[in-house]
Amino acid sequence: MRIGINGFGRIGRAVLRRALRTDLEIVAVNDITDEATLAHLLKHDSTYGPLDVPVTAAPGLLEVDGRTIAVASAWCAAS
């Protein structure tokens, strides 16, 4: 199943972490924060601890454990 996450706060990051252990495919994240900050928050979560897989950011993308995830910054997810 291919999934997009609208909002990458505590719950959005927890969903992605859980999806990494399943066959769910996170294909996109929509959040107003820049990619570098999203990557840092995912990698160094104060609640769940550090993520033990590689996390990198590029313009419009996150790469998490070799999986490429598109990043959008739309205020309204329908746009």
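So the sequence shown is numbered by this note's numbering: it starts at 1 and just counts up by one. The C-beta atom is built at its ideal place from N, Cα and C for all residues, glycine as well.
Handout entry: A58 beta carbon less than 9 Å from that of V27
Key = The sequence position of residue 27 within the sequence shown is 27, counting from 1. The sequence position of residue 58 within the sequence shown is 58, counting from 1. It is not a contact, given that the beta carbons lie outside the stated cut-off.
Exercise for the section: Measure the alpha-carbon distance for T22 versus M1 and round it to whole angstroms. Expected result: To locate residue 22, count along the sequence shown from 1; it is residue 22. To locate residue 1, count along the sequence shown from 1; it is residue 1. Using only the alpha carbons, I get a separation of about 10 Å.
Practice task
Classify R18 as buried or exposed, calling it buried when 16 or more other Cβ atoms lie within 10 Å of its own Cβ.
Solution key: As a position in the sequence shown, residue 18 is number 18, starting the count at 1. Only exposed fits R18, as fewer than 16 other CB atoms lie within 10 angstroms of its CB.
Practice task
Compare the beta carbon distance of L38 and D45 with 9 Å and say whether it is the shorter of the two.
Solution key: Within the sequence shown, residue 38 is the residue found at index 38, counting from 1. Within the sequence shown, residue 45 is the residue found at index 45, counting from 1. With contacts defined as CB atoms closer than 9 Å, L38 and D45 fail to qualify as a contacting pair.
Problem - Sub-9 Å separation of W75 and I32 beta-carbons - result: Against the sequence shown, residue 75 aligns to sequence position 75. Against the sequence shown, residue 32 aligns to sequence position 32. Going by C-beta atoms, W75 is nearer than 9 Å to I32.
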